[in-house]
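Read through the structure below, which is laid out as C-alpha cells, and then see the notes.
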Amino acid sequence: MSEQRPPPSRPLQGPIGWLLSLAGRLIGLVIGALVLRIVLELAGLYFWWPQEGCRHIFQVMRQEQTELVIALQPHPLKNEMVMLLENGTTHGLLANRFLQKPFTVLAYTLVSFMLRLTWLVAMLPLLCLCVVIGLAEGLVQRDLRRFGSGLESVFLHRYVIRSGSSVATTLWVFYLAQPLFVPAMLVLLPATLWLGITVWMAAGSFKRWL
C-alpha cells in the first residue's frame with residue numbers, strides 16, 4: 001500500500017505579500033461597488049424613478065458635493081480639493097449636453113462615486129486612530145487576562161475578526177453602492193468605530209502566553 005502523504009502546507013505570507021493581498025482586495029471591493037452602483041442607477045432610471053430621470057443622480061451628486069465642501073472647511077487643502085470637485089461637476093454638466101440619458105447617468109454616477117471615495121480617504125485618520133486605540137486597549141486587556149484567570153478562546157478570537165471585518169466592509173460597500181443620498185457620517189462613522197471595537201476585541205482575545 002502506498003503511503004498517504006499529507007497535503008503540502010501553504011507557505012507563510014510575508015508582510016509585503018499581505019499588503020499586496022490587502023490592496024488587491026480593496027481594489028476589488030471598490031470596483032465591485034462601482035459596478036453595483038452603476039447597475040442600480042440604470043435600473044432606477046427605468047424602473048424606480050423614471051419621471052425624475054437624470055435629475056435624480058444630479059441632485060444626489062449636488063447634495064454630496066455640498067456636504068463634502070462643508071466638511072472640508074477646516075482642512076488646510078480646502079481650496080485645492082474644492083477646485084477638483086468643481087472640475088468634476090463641470091465635466092458632468094458638459095456630458096449632460098452631449099450624451100444620452102444612460103451615458104449621462106454614468107457620468108454623474110462616476111462623479112458621485114469619486115465624492116464618496118473622497119469621504120473614505122478623509123476618514124482614514126479617524127480610522128487609524130480607532131485602530132490604534134483599539135489595539136492599545138486590547139493589549140492591556142490581554143495582559144490583564146494573562147496575569148489573571150481569564151479564559152482562552154480561539155473560537156472567539158477568529159469569530160470576532162471574521163464577523164467584525166465583514167460588518168465594517170459591508171457598511172463601506174453599502175455606502176459606495178447605494179443610489180440614494182445618505183449623510184456620509186451616518187454610515188462611515190459607525191463603520192469606523194465598529195472596526196476599532198473589532199481590533200480591541202481581537203487583540204484582547206489573542207493568546208495570552210505569546
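Once you know that position 85 of the sequence shown is 85 in the UniProt record's numbering, the rest is easy, because the numbers rise by one and skip nothing. The C-beta atom is built at its ideal place from N, Cα and C for all residues, glycine as well. Computed from a prediction, not measured in an experiment: that's the story for all the values here.
Using only alpha-carbon positions, find the residue among the options that is nearest to residue i.
i: residue 171; options: 136, 47, 194, 179; result: 194
i: residue 134; options: 61, 35, 202, 55; result: 202
i: residue 61; options: 178, 129, 187; result: 178
i: residue 68; options: 183, 189, 190; result: 183
i: residue 63; options: 121, 145, 116; result: 116
i: residue 27; options: 160, 176, 108, 127; result: 176
i: residue 55; options: 191, 199, 186, 180; result: 180
i: residue 108; options: 198, 190, 65; result: 65
i: residue 192; options: 19, 169, 114; result: 169
i: residue 197; options: 37, 162, 16; result: 162
i: residue 143; options: 70, 204, 58; result: 204
On the DSSP letters alone, give me the boundaries of the alpha helix (DSSP H) that residue i sits inside.
i: residue 190; result: 184 to 204
Q. Can at least three beta-carbon pairs, one atom from the stretch 47 to 60 and one from the stretch 126 to 140, be found at a separation below 8 Å?
A. no
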